[in-house]
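Note that UniProt numbering gives residue 453 to position 453 of the sequence shown, counting from 1, and the numbers run on in steps of one.
Quick notes on the structure that follows.
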Amino acid sequence: MARVHPGNPSSRVPDHETIFDHVADQTRNQEFDKRTWDTAIPRGGGGGGGRSRGRGGGRSDARCCFGCGEPGHIIRDCPTTGSFPRSNGRRGGFQGLGNDPSSSDAMESTSGTTRFRLKPLNTSTEAIRNSEPVKPFVDELLAKIKDKEHELKLRDEELDGLYLKLNKATTELSSVQTKNEEMIVNMNKLKEDLEKCRNELSSARKKEAEVSRMYLVMKNKFEELEEANETADAEMKQMKVETEQWRKAAKAIASVLDGGEVISSKTQELESLVLYYSNRASKRMSLGKMRKAVDDCRIAARLDPSYLKVCLTAGNCHLELGELDDAIKNYKKCLESRAVCLDRRLTIEASEGLHKAEKVVSYIKQSAELLQKKTSESATNALEIIMEALSISCYSEKLLEMTAEAHFLLQNYEKVVQMCEKTLPMSENNCANNINISNEGQKRQLKLWRWRMMARSYFRMGNFDMALVTLEKYEQLAPHETKTEDSSSFSVATVSELLRCKSAGNEAYKGGRHKEAVKHYSNALQMSIESRSFAAICLCNRAAAHQALGEVVDAIADCNLAIALDENYLKAISRRANLHEKIRDYEHAALDLQRLITLLEKNSEDKCEDLKVARRRLSSMNIHLKKGMTLDLYLILGLKGSESSAEIKKAYHKAALRHHPDKAGKFLTRCESGADCDVWKQIFETIHKDADKLFKIIGEAYAVLSDANKRFKYNLEDAMKDDFPW
């Protein structure tokens, strides 16, 4: 309801309304503007022309004031609402009317319903005068509203300012975090640089300490050299004086010798000269210059034949050179002389020298007999005896050659090459001065046996290029001695042809001509198999060609031979594992891979990646092995699966004849003799063992495929495993 100011009846102040009242009033106001109230509905009348909202009357489209019941206005514009009680509930609700005595006359209840009919209120001047006046608070309320709006605006501005500050602080925080991250990165970098500088400083300090130590060592050495230089200067001065004296004596003696006269009297100069040659012979002997020491002894003995110490020195030189006859001759000369009794020490030394010379003669004889047997055991025994003889005659060419031969029989090819290269310069310096043979001829003989042994060793090791180069030098030096003692096929032409066949096979394989490659490798194997390393390479390459042709069993057989010839041949072991995997023989494939891993672990630095691959393959083989897969019987016999029984039988006979254990390695039998007898015996045992396994696999394949029922069952199981691999 609205309150009317006493002084200004037209002013109305809105009273408390519910939400529903506001909405309803807005609707009623809109309708009121559109409509015109033409009729009035009498209170309590039924109404003849229209519908009434009262009791007993019909509905009417005209709306009346809810306060006074008169048409033409609403309760908000009603001038008599000042005395009407305000509603606190929904529209139509009259809470509290029952307690107001004045309201009993203003409303009336219809019979049997909850509706009420309002009675006209008293609108007289007295009632208005007696009504409680309404305070003018609109301006105050508007001012408060404006204050609140201003305050709200200030709060909004303050909130906007806070938002701006928050955004700015967030931006600054993000910038600080970015800077913090950059500082952390820079800090880590500085730490790394600091650690690097520390390491460099530590290394520099170590180097400085090492330089200081080296400086002290060099300083001490320099002081020692200065002292030695001073001593050498003093000795040089003394030697110059003595040399001048000896020169004069030598001239005098030379003049006598040139005249054919015999020195009958000893002079002081002669004795000094003999002593000089004797001492120089001893010094040269200690330096390893045996041949020059022998020459000095010969001159001294000619000057004074009675000076037996020179004979003893000459005997020792001949003994170390391995010239045993000359050594024994000089020792006997010392022992047979009448003057020997005057020097007991000389007699003892001569006797010991003679005994050593005879012992070396016996050692050489025993070693030669053992080496003729050409077995590993005899070669080992001969090498022990030769080492004992070399401790006495360390420059003996005969003993050095026998040592190389013993190492060759024991397959110590690297030692043979090293020994030949190391001893050649020493032997050339101690070459004998033979009247019948020139110096160049003697040096040529020293080189011949060494180059021959080196060429054979290089070939056995598989170093064919060096073998060919060394063999060419050997044949150029001795064109008529181009064949070795135990292999007439070892020559430059033979080695060149072997290499040519191998290269031709490689080119044919790369070009896809696999049958031609098999032929070239087979020709190389038929020509010479003195080098087991070379034969293993050819067999492994031929296995690859067989595999490309689909001949898996032939490829496995060649790999078996290659591994038997060279048990550490990694490529052949890996290829055989692949072939076993191809025929689904996962058990033998796993064994080969385990063997490959063991060998690769010994050379893990160079074969790290190959070792990882081999381990992955072994893991895969173990997984397949757990599934219990059967062998690929068709592939074993070289079949495709659609062949008839006759074709299966033909394929079996062909494989059985080719891979029978008695025929395995038949082309190698001609090498089972001489030096490598024990080695080849072990090789053939391995070959027959592997061939027997392969032959049994071929027999199992034929036993299943030749029987119709077994073949049908095998095909069914194989197809099911292909369709359902789990």
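No residue lacks a Cβ here, since even glycine has one placed at the ideal position from N, Cα and C.
Leaving out the 5 sequence neighbours to the left and right, which residues in its chain are closer than 7 Å to L346 when beta-carbon positions are compared? L308, K309, L312, C334, V340
With hydrogens ignored, establish whether the beta-carbon of Q445 is closer than 7 Å to any heavy atom of the ligand GTP. You won't find the ligand GTP in this model; it holds no ligand whatsoever.
Restricting to Cα atoms, I'd like to know which of N316, S378, Q366 is closest to E352. N316
If you follow the alpha helix (DSSP H) that T598 is part of, which residue opens it and which one closes it? 586-602 is the span of the alpha helix (DSSP H), which, as asked, contains T598.
Residues near N714 by beta carbon distance below 6 Å, same chain, minus five either side: First, the residue type needs correcting, since residue 714 is Tyr and not Asn in the sequence shown. Taken in chain order, the residues that qualify are V704.
Which residue comes first and which comes last in the alpha helix (DSSP H) that contains R513? Careful: R513 lies outside any alpha helix (DSSP H) and carries neither H nor E.
So, for L448: in the same chain, excluding its five sequence neighbours on each side, which residues have a beta-carbon less than 8 Å away from its beta-carbon? The residues Y474, L477, A478, E481, in chain order, have a CB closer than 8 Å to that of L448 in the same chain once the five nearest residues on each side in sequence are set aside.
Check whether the Cβ atoms of R532 and D558 lie closer than 8 Å to each other. The answer is no: Cβ separation not under 8 Å.
Take the Cβ of R595 as the centre, count every other Cβ of all protein chains shown within 10 Å, and call the residue buried at 16 or more, exposed below. buried
Is the separation between the beta-carbon of C420 and that of M461 shorter than 8 Å? no
Would you kindly report the start and end of the unbroken alpha helix (DSSP H) that includes P425? 413-429
Throw me the rounded Cβ distance for the residue 749 and M629 pair, which I believe falls under 8 Å. Nothing can be reported for residue 749: it is not among the residues displayed for the chain, which extend from 1 to 726.
If you follow the alpha helix (DSSP H) that A406 is part of, which residue opens it and which one closes it? 397-409
Can you tell me whether L303 is helix, strand or coil according to DSSP? Three-state result, L303: helix.
Quick one: using the 10 Å Cβ neighbour count with 16 as the cut-off for buried, is F222 buried or exposed? exposed
Just to confirm, is the Cβ distance from G288 to K398 under 8 Å? no
Apart from the five residues on each side of it in sequence, which residues of its chain come closer than 6 Å, Cβ to Cβ, to A357? L319, L324, A327, I328
Go through its chain and collect everything with a Cβ distance to residue 727's Cβ below 7 Å, but skip five positions before and after it. For residue 727 there is no data in the structure shown, the boundaries of the chain being 1 and 726.
Cβ-based neighbour list, Y702, same chain, cut-off 6 Å, excluding 5 preceding and 5 following: Y652
Host alpha helix (DSSP H) of C608 (start-end): Taken as a continuous stretch (DSSP letters only), the alpha helix (DSSP H) holding C608 covers 608-627.
Given L390 as reference, the closest of K240, V361, L639 once Cα atoms are compared: V361
Span of the alpha helix (DSSP H) around Y569: It is not in any alpha helix (DSSP H) - Y569 carries neither H nor E in the DSSP assignment.
Which same chain residues, not among the five before or five after I573, have their C-beta less than 7 Å away from its C-beta? I563, D592, R595, L596
Which of the three DSSP states, helix, strand or coil, is assigned to L639? coil
Boundaries (first-last residue) of the alpha helix (DSSP H) holding T394: Looking at the sequence provided, one finds Cys at residue 394 rather than Thr. For C394, there is no enclosing alpha helix (DSSP H), as DSSP gives it neither H nor E.
With a threshold of 8 Å, are at least 3 pairs of Cβ atoms found where one atom belongs to the segment 685-696 and the other to the segment 642-661? yes
With DSSP run on the structure shown, which of helix, strand or coil describes G161? helix
C-alpha distance - E551 paired with E643, whole-angstrom precision: 16 Å
Do you know how far the Cα of S175 is from the Cα of Y215? 57 Å
Can you give me the start and stop residues for the alpha helix (DSSP H) that A664 sits inside? Here A664 belongs to no alpha helix (DSSP H), and DSSP marks it neither H nor E.
Less than 7 Å between C-beta atoms, sequence neighbours within five positions excluded: which residues of the same chain meet that for residue 728? What is shown of the chain runs 1 to 726, which leaves residue 728 out entirely.
Considering just the uninterrupted stretch of the alpha helix (DSSP H) at G315, what are its terminal residues? 308-321
Specify the secondary structure class of E581 as computed by DSSP and reduced to three states. Judged by DSSP in its simplified three-state form, E581 adopts helix.
Using a Cβ-Cβ cut-off of 6 Å (strictly less than) and excluding sequence neighbours within five positions of W451, which residues of its own chain qualify? T470, K473, Y474
Got a sec, what are the start and stop residues for the alpha helix (DSSP H) K649 sits in? 645-658
For S491, which three-state DSSP category applies? Reduced to three states, the DSSP call for S491 is coil.
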